[in-house]
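Numbering (the numbering used here), first residue to last: -3 to 305. Cβ atoms here follow ideal geometry from the backbone N, Cα and C, with glycine treated the same way. These numbers were taken from a predicted model, which means no experiment stands behind them. The structure under discussion appears below in the form of structure tokens.
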């Protein structure tokens, strides 16, 4: 929970007493104050289940973008939930069967549309949604949605400079919150715009110097190492890279499928897996990635293809 410090101070002002500095304890106090509406106040990447003993109900929820996974399945009157499908497959009566509709969506859109997963009768809590389980009934509702302006709507700002300044302020604040960690924070640096912006902002907030990590490719068509080196030098980061060839992608692909728990049409997760291993070997557990911009701003070709169809 990135804004747990601010939330904790607000709760203390209301007379709440904390036993730990954990962001998890903040969720408990906030739920006590607001009920399930507390999720609207959370800024972060999260998925959690909360048992309300007084009201005899379970609350399950995920962050707005669905960064953290949360799956569930119903077997008769029982509801099982877990952060991995593999755990649900250990429950009595749960079988690993392919959902053909989800498979069609994967081949068309790269991923199944939530709440579907590739597995029949196994579902995911939708991003920005709440599931309430009480007295044998299960209900879900969204608590947030990403609103896009209509095509004919007037611009929020009169000029591009004002829009750029607002975006800079939002990105700076988002980076500041994510740099607030009990362990060192690194950053991926692909050489592209997204990760370069993230690394540049983080470098200015890392007193001891920022560690950056990247993947290089044997193929000149895919390799962006010159841009990575140029950015690392410009920012003065401690940079590390891991090489990835076709053989490396094939070698790690079984592990990638095991962790993603779905068919993959693009090989990009394989280099990312190797990059994550490099970060772990360097002793870091937290990195900034720059992920999400292409999804939010429809940068991938898949969005254009959907309009053509």
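Assign residue i to buried or exposed, taking buried as 16 or more other Cβ atoms, counted over all protein chains shown, within 10 Å of its Cβ.
i, result
"residue 198", "buried"
"residue 184", "buried"
"residue 134", "exposed"
"residue 18", "exposed"
"residue 142", "exposed"
"residue 218", "exposed"
"residue 215", "exposed"
"residue 270", "buried"
"residue 187", "buried"
"residue 337", "Residue 337 lies beyond the stretch modelled for the chain, which goes from -3 to 305, so this question has no answer here."
"residue 181", "buried"
"residue 166", "exposed"
Give me the residue from the options with the minimum Cα distance to residue i.
i, options, result
"residue 204", "233, 259, 16", "233"
"residue 206", "195, 216, 214", "195"
"residue 322", "28, 37, 187", "Nothing can be reported for residue 322: it is not among the residues displayed for the chain, which extend from -3 to 305."
"residue 179", "56, 281, 43, 34", "281"
"residue 276", "298, 293, 265, 236", "236"
"residue 29", "15, 42, 48, 41", "48"
"residue 191", "285, 64, 290", "285"
"residue 46", "14, 3, 103, 126", "126"
"residue 251", "239, 267, 241, 238", "267"
"residue 272", "239, 78, 105, 262", "239"
"residue 124", "101, 294, 110", "110"
"residue 43", "26, 50, 61", "61"
"residue 91", "97, 99, 82", "82"
"residue 200", "225, 209, 9, 169", "169"
"residue 245", "258, 230, 262", "262"
"residue 114", "298, 229, 253", "253"
"residue 20", "117, 129, 108, 1", "1"
Hey, could you find the ends of the beta strand (DSSP E) residue i is sitting in?
i, result
"residue 110", "Run containing residue 110: none; DSSP gives neither H nor E here."
"residue 207", "207 to 213"
"residue 4", "Careful: residue 4 lies outside any beta strand (DSSP E), inside the alpha helix (DSSP H) at 0 to 9."
"residue 237", "234 to 240"
Grab the span of the alpha helix (DSSP H) containing residue i for me, first residue to last.
i, result
"residue 27", "19 to 30"
"residue 274", "265 to 277"
"residue 137", "Per DSSP, residue 137 belongs to no alpha helix (DSSP H); it is in the beta strand (DSSP E), 133 to 138."
"residue 121", "Note, residue 121: premise wrong, no alpha helix (DSSP H); not H, not E."
Please work out which residues of its chain come closer than 6 Å, Cβ to Cβ, to residue i, disregarding the five sequence neighbours upstream and downstream, and give them in chain order.
i, result
"residue 89", "71"
"residue 278", "none"
"residue 57", "35, 126"
"residue 41", "59, 63, 64"
"residue 32", "55, 126"
Give me, in chain order, the residues of the same chain whose beta-carbon lies closer than 8 Å to that of residue i; leave out the 5 immediate sequence neighbours on both sides.
i, result
"residue 153", "159, 162"
"residue 290", "190, 296"
"residue 107", "101, 258"
Would residue i pass as an interface residue toward chain C - the criterion being a Cβ-Cβ separation below 7 Å?
i, result
"residue 155", "No chain C appears in the structure shown, which is made up of a single protein chain."
If I measure Cβ to Cβ from residue i and keep anything under 7 Å in the same chain, skipping five residues before and after, which residues do I get?
i, result
"residue 26", "3, 7, 34, 37"
"residue 66", "43, 56, 58, 77, 79, 120, 121"
"residue 53", "128, 129, 130"
Mind pulling the beta strand (DSSP E) runs of 3 or more residues that sit fully within the segment 163 to 187?
-> 181 to 184
Fully enclosed by the segment 16 to 95, which beta strand (DSSP E) runs are 3 residues long or longer?
-> 43 to 48, 53 to 58, 67 to 71, 74 to 78
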